[in-house]
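Chemist:
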Amino acid sequence: MPTSEDEVTNPRVIVIIPTYNEAENIETITGRVRRANPDVEVLVADDNSPDGTGQIADRLAESDDHIHVLHRRGKEGLGAAYLAGFRWGLDAGFDVLVEMDADGSHQPEQLPALLAALDHADMVKGSRYVPGGRVVNWPKYRELISRGGGVWTRLMLGIKVKDPTGGFNAFRAHTLRTIGLDDVASAGYCFQLDLTWRVLKSGMTVAEEPIDFVEREYGNSKMSRAIVVEALIRTTLWGVDYRTRQLSSALAGVRRRLTGRSGEH
Numbered sequence: 001m002p003t004s005e006d007e008v009t010n011p012r013v014i015v016i017i018p019t020y021n022e023a024e025n026i027e028t029i030t031g032r033v034r035r036a037n038p039d040v041e042v043l044v045a046d047d048n049s050p051d052g053t054g055q056i057a058d059r060l061a062e063s064d065d066h067i068h069v070l071h072r073r074g075k076e077g078l079g080a081a082y083l084a085g086f087r088w089g090l091d092a093g094f095d096v097l098v099e100m101d102a103d104g105s106h107q108p109e110q111l112p113a114l115l116a117a118l119d120h121a122d123m124v125k126g127s128r129y130v131p132g133g134r135v136v137n138w139p140k141y142r143e144l145i146s147r148g149g150g151v152w153t154r155l156m157l158g159i160k161v162k163d164p165t166g167g168f169n170a171f172r173a174h175t176l177r178t179i180g181l182d183d184v185a186s187a188g189y190c191f192q193l194d195l196t197w198r199v200l201k202s203g204m205t206v207a208e209e210p211i212d213f214v215e216r217e218y219g220n221s222k223m224s225r226a227i228v229v230e231a232l233i234r235t236t237l238w239g240v241d242y243r244t245r246q247l248s249s250a251l252a253g254v255r256r257r258l259t260g261r262s263g264e265h
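For the sequence shown, counting from 1, position 230 maps to 230 in the working numbering; every step adds exactly one.
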């Protein structure tokens, strides 16, 4: 649970939106964020999009001092873009950092509910799969992969999070500093699970808030077979490590009890 040191009366919130070829979406999504959450600031982390997304973001930032742009050298993946955005936000002194997709799949109008839930958690995930959450216009095979991945994750890691790979997430600054970002290597959507797992392993709390996830109207999805394979491999390796540690701890406990009993004779 958050400590008293984490409580801020009027927290500074920044929404980090990574982009690569999102020229058709960036003005719409930033506008929706600003209208629905007037006090919230936006950081567009652009991976040198060849379609001019970064230049559009620059124009938006010129007319709105709550919009900022981080120009990156090239396409390095979702995880790298978010990590750069987190570091930028932490260095700038923001108290809450939010992940949001550029394509409109996450609804900015639902952000206040995530921020409210953060009063009682260290991380809040916008969840498609808790009661009240839903998926709109997604191909059935995509939902099957997503749900199946969630089942596998819960089985391997022993966690209760219903939507571990969901990408609409809010973090306290203290949470990100505690889990450490320097050795996060996950590149694709596995990055979301990586952060969630780190928060839980650190003994902090993760809450889930129902959201509407709406398939993009414009542009192309960044999902690929390589991203799915990365998530499967990393989850399996983390799970094997977790279960091995559990078994080692249990065996050590048995040995201690047996040693104690033999010493009684």
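All residues carry an ideal CB built from backbone N, CA and C; glycine is no exception.
The structure presented is a predicted model; accordingly, all values stated were derived computationally and were not measured.
Exposed or buried, which one is Y141 when buried takes at least 16 other CB atoms within 10 Å?
Modeler: Position 141 of the sequence shown, counted from the first residue, corresponds to residue 141. Classification for Y141: exposed.
Chemist: Give the DSSP-derived three-state secondary structure of A121 in the structure shown.
Modeler: By 1-based counting over the sequence shown, the position of residue 121 is 121. Of the three classes helix, strand and coil, the one that applies to A121 here is coil, per DSSP.
Chemist: At what residue ranges does the segment 110-162 contain a whole run of the beta strand (DSSP E), taking only runs of 3 or more?
Modeler: 123-127, 134-136
Chemist: Is it buried or exposed for K160, if we count other Cβ within 10 angstroms and need 16 for buried?
Modeler: Here residue 160 refers to the residue found at position 160 when the sequence shown is read from its first residue. Exposed, because fewer than 16 other Cβ atoms sit within 10 Å of the Cβ of K160.
Chemist: Leaving aside the five residues before and after L193 along the sequence, list all residues of the same chain whose C-beta is less than 7 Å from its C-beta, in chain order.
Modeler: As a working mapping, residue 193 is identified with position 193 in the sequence shown. Cβ neighbours of L193 beyond the five flanking positions: T153, P164, T165, A231, T235.
Chemist: What do you get for I233, buried or exposed, if any count of 16 or more other CB atoms within 10 angstroms of its CB means buried?
Modeler: Against the sequence shown, residue 233 aligns to sequence position 233. Exposed.
Chemist: Run the CB neighbour count on M204, radius 10 Å, all protein chains shown included, and call it buried at 16 or more, exposed below.
Modeler: Within the sequence shown, the letter at position 204 stands for residue 204. With 16 or more other CB atoms across the displayed protein chains lying within 10 angstroms of its CB, M204 is buried.
Chemist: Measure the C-alpha to C-alpha separation of D65 and L176 and round it to an integer number of angstroms.
Modeler: Walking along the sequence shown from the start, residue 65 turns up at place 65. Walking along the sequence shown from the start, residue 176 turns up at place 176. Spanning the two alpha carbons is a distance of roughly 25 Å.
Chemist: Quick check on DSSP: helix, strand or coil for D194?
Modeler: On the sequence shown, position 194 is the one that residue 194 refers to. Correct three-state label for D194: helix.
Chemist: Assuming E215 and W138 make a contact with CB atoms under 8 Å, what is their CB distance in whole Å?
Modeler: Position 215 of the sequence shown, counting from 1, holds the residue named residue 215. Position 138 of the sequence shown, counting from 1, holds the residue named residue 138. That pair is a contact at about 5 Å.
Chemist: Could you tell me which of I14, T244, V44, L83 sits nearest to H71, measuring between CA atoms?
Modeler: The residue given as residue 71 occupies position 71 in the sequence shown. Answer by Cα proximity: V44.
Chemist: Taking C-beta to C-beta, are I26 and G89 nearer than 7 Å?
Modeler: As a working note, residue 26 is residue 26 in the sequence shown. As a working note, residue 89 is residue 89 in the sequence shown. For I26 and G89, no; Cβs fall outside 7 Å.
Chemist: Can you tell me where the beta strand (DSSP E) holding I332 begins and where it ends?
Modeler: Since the first residue of the chain shown is 1 and the last is 265, residue 332 is not available in this structure.
Chemist: How long is the line joining the alpha carbons of L78 and P108, rounded to whole angstroms?
Modeler: Counted from its first residue, the sequence shown places residue 78 at position 78. Counted from its first residue, the sequence shown places residue 108 at position 108. Distance between the alpha carbons of L78 and P108: 19 Å.
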